[in-house]
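Novice:
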Amino acid sequence: MLINVKNLKKDFINGEVVTSVLRGVSFDVEKGSFVSIMGPSGSGKSTLMHILSFLDKPTSGDYFFDGRNVKSLSDDELAEMRSKKVGFIFQSFNLLPTLSVLENVVLPLTYTNISSEERNQKARDLLEQVGLSHRLNYSPTKLSGGEKQRVAIARALVNNPEVIFADEPTGNLDSKSGAQVMKILQELNKKGNTIILVTHEKSTAEHAERIIKIKDGNIIEDTKNFCRQEAQEDLNK
Amino acid sequence: MDIFESIKNSWQMITRTKMRSFLTMLGIIIGISAVMIVLSVGESVQDLILDEIRSVGPDLITVLPGSSDESGRPSPTFGVVNTSLKYEDGEAILRSNSPYIYSLAMYLTGSDVISIDSKIKGITFYGTTATYIDVQNAKIEKGRFFTKEEEMDNARVVVLGSKIASEIFGDDDPIGKRVTIKKVNLNVIGVLEEKGSSLIQSQDENLFIPISTAQNILLGVNHINFMRIKVDSIDNIDFAIGHIEDILRDRHNIDILDQDDFIIASTADALETISLITDALKFFLTAVAAISLIVGGFGIMNIMLATVQERTKEIGLRRAIGARKKEIINQFLIEAVTITFISGIIGIIFGSLILALISLVINYLDYNWTLIISPISVLLGGIVSIGIGLVFGITPAKKAAELDPIEALRYE
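Just so you know, the sequences run in chain order L and W.
Each residue of the first sequence is one higher than the one before, counting from 0 in numbering that gives the first Met the number 0.
Each residue of the second sequence is one higher than the one before, counting from 0 in numbering that gives the first Met the number 0.
1. Are S35(L) and A207(L) closer than 7 Å when you measure CB to CB?
2. So what does DSSP say about E193(W), is it helix, strand or coil?
3. DSSP state of A178(L), grouped into three classes?
4. What does E326(W) touch in chain L if you count any residue whose Cβ is under 7 Å from its own?
5. In or out: A305(W) buried (at least 16 other Cβ within 10 Å) or exposed?
6. Would you check if the stretch 12-24 of chain W and the stretch 221-235 of chain W touch, i.e. whether three or more CB-CB distances between them fall below 8 Å?
7. If you draw a straight line from the alpha carbon of K7(W) to that of I361(W), how long is it in whole angstroms?
8. Verify whether the separation of the beta carbon atoms of T266(W) and V62(W) is less than 7 Å.
9. Between the Cα of F238(W) and those of I48(W), I52(W) and D58(W), spot the shortest distance and give me the residue it belongs to.
10. So within the stretch 42-123 of chain W, which uninterrupted beta strand (DSSP E) runs reach at least 3 residues, ignoring any that extend past its ends?
11. Closer than 8 Å is the cut-off here; do at least three beta carbon pairs connect the stretch 186-197 of chain L with the stretch 347-356 of chain W?
12. For chain W, is any of its Cβ atoms less than 7 Å away from the one on A122(L)?
13. Following the continuous alpha helix (DSSP H) through D233(L), name the residue where it begins and the one where it ends.
14. Taking only beta-carbon positions, decide if T168(L) is within less than 7 Å of chain W.
15. Quickly, what does DSSP pair F33(L) with across the bridge? List them, please.
16. Got a sec, what are the start and stop residues for the beta strand (DSSP E) I246(W) sits in?
17. What number of angstroms, rounded off, separates the C-alpha of E401(W) from the C-alpha of L54(L)?
18. If the criterion is Cβ atoms closer than 7 Å, does the pair D260(W) and I180(W) meet it?
19. Provide the residue span of the alpha helix (DSSP H) that contains Y62(L), from first to last.
20. Which residues in chain L have a C-beta closer than 9 Å to the C-beta of E4(W)? List them in chain order.
21. From the DSSP secondary-structure annotation, give me the bridge partner or partners of V336(W).
22. For F331(W) and N235(L), what's the separation of their Cα atoms in angstroms?
23. Among residues of its own chain, excluding the 5 on either side of F340(W), which ones have a beta-carbon nearer than 8 Å to its beta-carbon?
24. Got a sec: is the Cβ-Cβ distance from A78(L) to anything in chain W below 7 Å?
25. With H, G and I counted as helix, E and B as strand and the rest as coil, what does DSSP make of L206(W)?
26. Work out the CA separation of E76(L) and G315(W) for me, nearest whole Å.
27. Just mark P173(W) as buried or exposed, buried being the case when its beta carbon has 16 or more other beta carbons within 10 Å.
28. Answer with buried or exposed for K44(L), where buried requires no fewer than 16 other C-beta atoms within 10 angstroms of its C-beta.
29. What residues of chain L sit near M12(W), judged by a beta carbon separation below 9 Å?
30. Does any CB atom of chain L fall closer than 7 Å to the CB of I320(W)?
31. Any beta carbon of chain L sitting closer than 7 Å to that of P395(W)?
32. Taking 7 Å as the threshold (C-beta atoms), are R227(W) and D88(W) in contact?
33. Evaluate the contact criterion for the stretch 88-98 of chain L versus the stretch 117-132 of chain L: three or more CB pairs, one atom per stretch, below 8 Å.
34. For S82(L), which residues in chain W fall below 9 Å Cβ to Cβ?
35. Which value, in whole angstroms, describes the spacing of the CA atoms of G41(L) and D1(W)?
36. Mind checking which residues open and close the beta strand (DSSP E) that includes E127(L)?
So this is what it looks like as structure tokens:
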């Protein structure tokens, strides 16, 4: 079991007002699975993702990653987990405009001990896989939304993560670019990558093999997705 | 992330916002060059002043009339003419045949106006002894200096400084001609070699007559203004001073506990005192210039804080992909240091250029100015600029590291 969450709770304290965002969620994610976490805004899905991706700590409950309890980790250890275990894909891409496409993809590796030739080689390979090897030295500002998200996917993969977290990856894209991104994610999953997708859109969530629905901080539904959407089909339309 | 990548990133940030970077750097550039200029000019001025004093002769002792009370200054400074020193005092010191005393000259100054080509000119004349040449290292260009006999016998002769000689007589040979001072006609018997301008004394402008002539014929006094004693070696200055003190106290009937009616000063003392004063001035001025560096440092801090604000999202992203707090601190600290270090280098270059310009102008004005750009001030400039980057960069860098990554990622 890659991810094991038990009775996870998260409260935000603002002055004297305590807001419970997660009210005790429990679930497992197996290695190599493709899970969607779906829910309306304010449901707590983003907070859950932040905890799962080591950006935040739960108020109570346990989160085991690869058998390791995250609760006991220090700030630096959490940073190391983010550096080695997870890759991020954001709705707003979060590419650094001052760096080139290649440098953006290399960025996560600059916080590791990998040599710079190796880093560049890795990044080039991944950019080729997402079909952007002709854009290496471009500024991200010159790319279309779909291209930007593909750069971001390459960046998320560059450190060989155990899990890829995709937070509304198609939210800022037109349907065709969105389908392309989803297709890449599905291909990655077929190659054995674990993917956790966070979205509020049912159509996007349906690309996963399992959908966890969240509302008001509770899991209201956790089912296998029998009518899985294949992005390739959308592209063929 | 290694340091070279951070420096490269910093360089990209600096070149991307050129105008802002330049304005940010300006404070440090001005500060570093100001400190450097003040240090170097201070050093040069100190050298200039000390050289002037040394040019008087490091092996000279000056004896002035007047009491050496706490203020230590000779009474003539306050307009009082002190007549306690006499020609016979000098003679007595000479007659004592001290091994420390190489030579002794006495001086009595006066001034007058003379007309050259119907133009009025103020002149200074020195009644002095034949030993003047030895004591002052003066050289005769034409003719001769007056003799011991002339010195004592009210001889009506005069030796001219080179400048005044050419002013009065132009290209004519002045030897054998006459100069009239205080309505007394004096025969020109010699001209001194040019010694060059000096801030303290210029014998080139002066006229020299036997001290008896000055006392008895021109001024009608029987005292002298001061005497200068040349010692055989700088090491013996203190012995010579003691010896002179003994003789003068004896002659003036001064008991051991009484106050002296003369002051003995050596060039070495003066050098020491003036070095002390110029050192203090130098450090004070450097401190003032250093204030501009501090102001520049706050400029850096201000811009770095703004940069952190602007790049909140970047910081969030870097934290998300695995940067530790320490690495964020390093990144912004290196950025600040890169800015201040580049500013420091520009400041050093700028300061050197200004110093070169200053020395050019001063040399043009005919002063013996040495351009001093000490390696230490260059090194110091470099180190200080790095230090400023560290001191003023740490607060913004810490602020960046303390940002909550989730909030930072959401920041628009």
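We put the CB at the ideal spot given by N, CA and C, even for glycine.
In this text, all values refer to a predicted model and were calculated from it rather than measured experimentally.
Specialist: Short version:
1. Looking up residue 35(L) in the first sequence gives position 36. Looking up residue 207(L) in the first sequence gives position 208. Cβ atoms of S35(L) and A207(L): closer than 7 Å.
2. As a working note, residue 193(W) is residue 194 in the second sequence. Three-state result, E193(W): coil.
3. Stepping through the first sequence from its first residue, residue 178(L) is reached at position 179. Here A178(L) sits in helix by DSSP.
4. Taking the first residue of the second sequence as position 1, residue 326(W) is located at position 327. In chain order: Y110.
5. Within the second sequence, the letter at position 306 stands for residue 305(W). A305(W) is exposed by the Cβ-count criterion.
6. no
7. Position 8 of the second sequence, counted from the start, is the residue given in the question as residue 7(W). Position 362 of the second sequence, counted from the start, is the residue given in the question as residue 361(W). So the two alpha carbons sit approximately 42 Å from each other.
8. Within the second sequence, numbered from 1, the residue matching residue 266(W) stands at position 267. Within the second sequence, numbered from 1, the residue matching residue 62(W) stands at position 63. No, they are not a contact pair.
9. On the second sequence, position 239 is the one that residue 238(W) refers to. Comparing Cα-Cα distances from F238(W) to each of I48(W), I52(W) and D58(W), the minimum goes to D58(W).
10. 59-64 and 100-115
11. no
12. By one-based count along the first sequence, residue 122(L) stands at place 123. Output row for A122(L): interface = no.
13. Here the question's residue 233(L) lines up with position 234 in the first sequence. Note, D233(L): alpha helix (DSSP H), A230 to N235.
14. By one-based count along the first sequence, residue 168(L) stands at place 169. Contrary to the premise, residue 168(L) reads as Pro rather than Thr in this sequence. No, no contact with chain W.
15. As a working note, residue 33(L) is residue 34 in the first sequence. According to DSSP, which records beta bridges pairwise, F33(L) is partnered with I194(L).
16. As a first step, residue 246(W) is located in the second sequence; it is residue number 247 there, counting from the start. Unbroken run through I246(W) is the alpha helix (DSSP H), I236 to R250; no beta strand (DSSP E).
17. Translated into positions along the second sequence, residue 401(W) becomes position 402. Translated into positions along the first sequence, residue 54(L) becomes position 55. So the two alpha carbons sit approximately 13 Å from each other.
18. Within the second sequence, the letter at position 261 stands for residue 260(W). Within the second sequence, the letter at position 181 stands for residue 180(W). It is not a contact, given that the beta carbons lie outside the stated cut-off.
19. Looking up residue 62(L) in the first sequence gives position 63. Here Y62(L) belongs to no alpha helix (DSSP H); instead the beta strand (DSSP E) covers S59 to F64.
20. Mapped onto the second sequence, residue 4(W) falls at position 5. Under a criterion of Cβ atoms nearer than 9 Å, the residues of chain L adjacent to E4(W) are, in order, T109 and S115.
21. For the purposes of this step, residue 336(W) is taken as the residue at position 337 of the second sequence. In DSSP, V336(W) forms no bridge with anything.
22. In the second sequence, residue 331(W) corresponds to position 332, counting from 1. In the first sequence, residue 235(L) corresponds to position 236, counting from 1. So the alpha carbons of these two residues sit roughly 48 Å apart.
23. Counting from 1 along the second sequence, the entry for residue 340(W) is found at position 341. The answer, listed in chain order, is G381, S384, I385 and G388.
24. Walking along the first sequence from the start, residue 78(L) turns up at place 79. A78(L) counts as touching chain W.
25. Translated into the one-based positions of the second sequence, residue 206(W) becomes position 207. L206(W) falls in the strand class under three-state DSSP.
26. Translated into the one-based positions of the second sequence, residue 315(W) becomes position 316. Translated into the one-based positions of the first sequence, residue 76(L) becomes position 77. Approximately 17 Å between the Cα atoms of the pair.
27. On the second sequence, position 174 is the one that residue 173(W) refers to. Counting Cβ neighbours within 10 Å, P173(W) comes out buried, since at least 16 surround it.
28. The sequence position of residue 44(L) within the first sequence is 45, counting from 1. It counts as buried.
29. Within the second sequence, residue 12(W) is the residue found at index 13, counting from 1. Simply T97.
30. Here the question's residue 320(W) lines up with position 321 in the second sequence. Yes, I320(W) counts as interfacial toward chain L.
31. As a position in the second sequence, residue 395(W) is number 396, starting the count at 1. Put simply, the CB of P395(W) is far from chain L, with every gap to its CB atoms at 7 Å or more.
32. Counting from one through the second sequence, the residue named residue 88(W) turns up at place 89. Counting from one through the second sequence, the residue named residue 227(W) turns up at place 228. Their beta carbons are not under 7 Å apart, which means D88(W) does not touch R227(W) by this criterion.
33. no
34. If you number the first sequence from 1, residue 82(L) lands on position 83. Going along chain W in sequence order, the residues near S82(L) (Cβ under 9 Å) are I320, G321, A322 and R323.
35. Here residue 41(L) corresponds to residue number 42 of the first sequence, with the count starting at 1. Here residue 1(W) corresponds to residue number 2 of the second sequence, with the count starting at 1. Cα to Cα, G41(L) sits roughly 40 Å from D1(W).
36. Sequence index remark: in the first sequence, residue 127(L) carries index 128 (1-based). Element bounds for E127(L): not the beta strand (DSSP E) but the alpha helix (DSSP H), S115 to Q128.
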